[in-house]
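Sequential numbering from 0 applies to the sequence shown in numbering that gives the first Met the number 0.
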Amino acid sequence: MPRGKKQPTALVQIQKSPIPPTRQSTIETMGCPLCYVQVIIKRRKGAQSIEGARGSEIHSTVARYSSHCARKQVGMDLDAFEQFSKGAGPQAYKILAGLRDGFVVDYEHLFATELPMALDENMQPTELAPALEGTCTDSGLPACFQGTLDTLYIFRSEAHIQIHDYKSHMKPFEPEDKPQSKEYALFAFQHFPWAAKVTFRLVFVRYKNLTRSVTYTREQVPMLMESLKAARARQEKIHEDYDAGREIEAIPGSLCVYCPMLSDRSCPVAEYNPQMQLTPEERLKFNLWYSAFNRVNNTVLRDHVNGTGKNVILKDYNGKVYVFGPSESESEVLPLFQATADGIAMDKERNPVLPIVSLLLDHAYANPDDTGWMAKITLSSSSMSTPLKAKKRVHLHQAVQDTAEKITKVRVKVSKPLDAIPESEEEDSEEWGEEGEEF
Ligand code: SF4
0 MPRGKKQPTA LVQIQKSPIP PTRQSTIETM GCPLCYVQVI IKRRKGAQSI EGARGSEIHS
60 TVARYSSHCA RKQVGMDLDA FEQFSKGAGP QAYKILAGLR DGFVVDYEHL FATELPMALD
120 ENMQPTELAP ALEGTCTDSG LPACFQGTLD TLYIFRSEAH IQIHDYKSHM KPFEPEDKPQ
180 SKEYALFAFQ HFPWAAKVTF RLVFVRYKNL TRSVTYTREQ VPMLMESLKA ARARQEKIHE
240 DYDAGREIEA IPGSLCVYCP MLSDRSCPVA EYNPQMQLTP EERLKFNLWY SAFNRVNNTV
300 LRDHVNGTGK NVILKDYNGK VYVFGPSESE SEVLPLFQAT ADGIAMDKER NPVLPIVSLL
360 LDHAYANPDD TGWMAKITLS SSSMSTPLKA KKRVHLHQAV QDTAEKITKV RVKVSKPLDA
420 IPESEEEDSE EWGEEGEEF
C-alpha cells in the first residue's frame with residue numbers, strides 16, 4: 000500500500016432478513032409492524048393457540064369429508080362425517096357436530112380441497128400444485144404470494160369459480176373487509192384464465208347456513224393486483240426498517256391477543272406510567288392494548304375458576320379482599336303481557352291481560368294531574384327486533400317501525416378501525432368543545 004493513501008475501511012456485510020411469501024396471515028400480522036417482527040422475522044410463538052388448533056381440525060375434517068363426497072358423488076354422508084370428525088378435539092367436534100346436518104357438498108362442481116396456490120413477483124402462477132397442472136403455465140420463479148384455498152368449486156359453463164373458506168370465529172365479518180378475499184380471488188383468476196368472475200365465500204361453521212360472500216370480476220384484476228402489491232411493499236418496508244436497525248412501531252388492535260409481546264408483557268405500549276406525559280394518540284394506543292390484554296387475562300381467570308371450581312382471591316396489604324368468580328345479581332323486568340304456558344293470558348272479554356298497563360291506567364284515572372312522567376315510559380325495541388323480523392310479521396314490523404321514535408345518544412367510545420377520518424369530523428372539530436360539555 001503506497002504511503003499517504005488511506006486504508007480502505009472494511010466493508011460491513013449487512014445481513015438481510017429473508018422476506019417470506021405474503022400470505023393472508025402475514026398481511027394480518029402486518030397490522031402491527033412490531034408484531035410482524037416478533038412473529039414472522041424472529042419466529043416467536045404467540046399466545047393461543049387453542050383457536051388455531053381448533054381451526055386446523057375443522058379445516059382438515061371438512062376438506063377430507065368434501066373430497067370423500069366428491070369421490071362417492073353424493074352431497075351428504077353423515078356416517079362418513081362422523082368418522083372424519085372423530086379425531087377432532089372436543090371444541091372442534093362440538094362445532095363440527097353442529098355443522099354436520101346442514102352441510103351439503105356440491106360434489107359436481109368440487110375441484111379441490113386444501114389447494115395451495117402461489118404467484119411470483121410478476122403475479123404469475125408458480126410452484127403449481129399437482130391438481131393445477133395443465134390449467135396454466137408455471138413461471139418457475141420464487142413465490143411472492145402464497146395461500147391454501149379450503150375448497151374450490153368450478154362452474155365452467157358460467158366461467159365462474161367459487162372459493163369457500165371455513166371460519167370458526169364467533170363474530171361473522173364481511174369478506175371484502177379482509178385482504179384474504181382479494182388475494183384468493185387473484186389466485187383463482189391467474190390460475191384459471193377462462194374465469195370471468197370469482198366468488199369468495201366465508202362459511203362461519205359455528206352457525207347454521209351463515210355465510211358472507213363477495214364476487215370479483217376479471218375487470219377488477221388490476222385492482223386486486225394493486226392491493227397485493229401494496230401489501231408486499233409494506234412487508235418489504237418492515238424488513239428494510241428491521242435490517243437497518245430502525246425503531247419498529249407497535250400498533251395495538253385485535254392482533255394483540257396473538258402477539259408474544261402481549262403474553263410476556265414486553266410490548267412497548269404496555270409501559271404505561273400515569274406520571275408520563277402521553278399524547279392523546281398514545282393514550283388511545285394504550286386503551287386498545289389494554290382491551291386486548293384484559294380479554295386474554297379474563298379468559299385465563301375464567302378458565303381457572305371453571306376448572307378448579309374455586310374463586311380467585313387476592314388480599315391487599317390493607318386487608319381488603321378482591322374476588323374473581325361468579326356473582327349473582329337480580330334485576331327487575333316489567334312484563335307487558337301476562338305469560339301463560341302457550342302464549343299470553345286473556346280476560347273475560349278476550350282482551351290480553353296487561354298487568355302493568357292496568358295499574359298505570361288506574362293511576363292515570365285517579366290522578367289526572369300526575370301523568371307527565373308516563374309519557375317517558377317506553378318499550379325496548381331490542382326485545383322485539385328479532386321476532387318482528389319473521390316473514391309472517393312483516394306488516395306488524397313495518398307498522399311498529401312507523402310508530403317508533405328515533406332518539407340520538409352520544410357517548411364516548413373508541414371507533415372501529417377507519418380507513419380515513421371522515422371529512423365531517425375534521426370540519427366539525429371546532430364544535431366538539433361545546434358539545435363535549437354534555438358528556
Ligand atoms: S402487543 Fe399488540 S401493540 Fe404490542 S407489539 Fe404485540 S400486536 Fe403490537
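All residues carry an ideal CB built from backbone N, CA and C; glycine is no exception.
Taking the alpha helix (DSSP H) that residue 79 falls in, what are its first and last residues?
To locate residue 79, count along the sequence shown from 1; it is residue 80. Per DSSP, residue 79 belongs to the alpha helix (DSSP H) from 77-84.
Given a threshold of 16 other Cβ atoms within 10 Å of its Cβ, counted over all protein chains shown, does residue 202 qualify as buried or as exposed?
Locating residue 202 in the sequence shown gives position 203, where the first residue counts as 1. Buried.
According to DSSP, is residue 213 helix, strand or coil?
Counting from one through the sequence shown, the residue named residue 213 turns up at place 214. Reduced to three states, the DSSP call for residue 213 is strand.
Pull up the distance between the alpha-carbon of residue 155 and that of residue 136, whole angstroms please.
Against the sequence shown, residue 155 aligns to sequence position 156. Against the sequence shown, residue 136 aligns to sequence position 137. Rounded to whole angstroms, residue 155 to residue 136 spans 19 Å at the Cα level.
At which residues does the beta strand (DSSP E) containing residue 145 begin and terminate?
As a working note, residue 145 is residue 146 in the sequence shown. Here the beta strand (DSSP E) through residue 145 covers 144-154.
Flag residue 266 as yes when its Cβ comes closer than 8 Å to any non-hydrogen atom of the ligand SF4, and as no otherwise.
By 1-based counting over the sequence shown, the position of residue 266 is 267. Yes, the beta carbon of residue 266 sits closer than 8 Å to at least one heavy atom of the ligand SF4.
Is the beta carbon of residue 111 less than 9 Å from the beta carbon of residue 148?
In the sequence shown, the residue the question calls residue 111 occupies position 112. In the sequence shown, the residue the question calls residue 148 occupies position 149. Yes, they are a contact pair.
Please determine, among 361, 339 and 359, the residue with the shortest C-alpha to C-alpha distance to residue 351.
To locate residue 351, count along the sequence shown from 1; it is residue 352. Residue 351 has its Cα closest to that of 339, out of 361, 339 and 359.
Where residue 416 and residue 219 are concerned, what is the direct C-alpha to C-alpha distance, given to the nearest angstrom?
Translated into the one-based positions of the sequence shown, residue 416 becomes position 417. Translated into the one-based positions of the sequence shown, residue 219 becomes position 220. The straight-line gap from Cα to Cα measures roughly 25 Å.
Have a look at 78, 142 and 152 and flag the residue whose alpha-carbon is nearest the alpha-carbon of residue 109.
Against the sequence shown, residue 109 aligns to sequence position 110. Selected option, being the one with the closest Cα: 152.
Which stretch, first to last residue, makes up the beta strand (DSSP E) that contains residue 161?
Translated into positions along the sequence shown, residue 161 becomes position 162. Residue 161 -> beta strand (DSSP E) spans 159-166.
In angstroms, rounded to a whole number, what distance separates the CA positions of residue 251 and residue 230?
Here the question's residue 251 lines up with position 252 in the sequence shown. Here the question's residue 230 lines up with position 231 in the sequence shown. Roughly 19 Å between the two C-alpha positions.
Which of the three DSSP states is assigned to residue 18 in this structure?
Here the question's residue 18 lines up with position 19 in the sequence shown. Correct three-state label for residue 18: coil.
For residue 325, collect the residues of the same chain with a Cβ closer than 6 Å to its Cβ; drop the 5 residues on either side in sequence, then sort them by chain order.
One-based indexing of the sequence shown puts residue 325 at position 326. For residue 325, where only same-chain residues beyond five positions count, there are no Cβ hits under 6 Å.
Residue 33 vs residue 239 beta-carbon contact at 9 Å
Here the question's residue 33 lines up with position 34 in the sequence shown. Here the question's residue 239 lines up with position 240 in the sequence shown. Not closer than 9 Å, so no.
Using only the heavy atoms of the ligand SF4, determine whether one of them is closer than 8 Å to the beta carbon of residue 251.
Indexing the sequence shown from 1 puts residue 251 at position 252. Yes.
For residue 162, the nearest candidate out of 244, 62 and 383 (CA to CA):
As a first step, residue 162 is located in the sequence shown; it is residue number 163 there, counting from the start. The shortest C-alpha separation from residue 162 is found at 62.
Considering residue 140, what are the terminal residues of the beta strand (DSSP E) in which it resides?
Position 141 of the sequence shown, counting from 1, holds the residue named residue 140. Careful: residue 140 lies outside any beta strand (DSSP E) and carries neither H nor E.
If you check the beta carbons only, do residue 196 and residue 27 fall under 9 Å apart?
For the purposes of this step, residue 196 is identified with residue 197 of the sequence shown, where counting begins at 1. For the purposes of this step, residue 27 is identified with residue 28 of the sequence shown, where counting begins at 1. Taking 9 Å as the Cβ cut-off, residue 196 and residue 27 do not qualify as a contacting pair.
Quick one, are the C-beta atoms of residue 64 and residue 79 less than 9 Å apart?
The count along the sequence shown starts at 1 and reaches residue 64 at position 65. The count along the sequence shown starts at 1 and reaches residue 79 at position 80. Yes, these two residues count as a Cβ contact at 9 Å.
In angstroms with no decimal places, state the Cα-to-Cα distance between residue 258 and residue 37.
If you number the sequence shown from 1, residue 258 lands on position 259. If you number the sequence shown from 1, residue 37 lands on position 38. For residue 258 and residue 37, the distance between alpha carbons rounds to 8 Å.
Residue 29 Cβ short of 8 Å to the ligand SF4 heavy atom set:
Taking the first residue of the sequence shown as 1, we reach residue 29 at position 30. Every heavy atom of the ligand SF4 is 8 Å or more from the Cβ of residue 29, so no.
Between the C-alpha atoms of residue 373 and residue 366, what's the straight-line distance to the nearest angstrom?
Taking the sequence shown and counting its residues from 1, one reaches residue 373 at position 374. Taking the sequence shown and counting its residues from 1, one reaches residue 366 at position 367. For residue 373 and residue 366, the distance between alpha carbons rounds to 12 Å.
Tell me the DSSP secondary structure of residue 316 in three-state form.
Counting from one through the sequence shown, the residue named residue 316 turns up at place 317. Of the three classes helix, strand and coil, the one that applies to residue 316 here is coil, per DSSP.
From the DSSP output, which residues share a beta bridge with residue 109?
Sequence index remark: in the sequence shown, residue 109 carries index 110 (1-based). Residue 109 is bridged to 152.
Determine the DSSP secondary structure at residue 344, reduced to helix, strand or coil.
Here residue 344 refers to the residue found at position 345 when the sequence shown is read from its first residue. In the structure shown, residue 344 sits in coil (DSSP, three-state: anything other than H, G, I, E or B).
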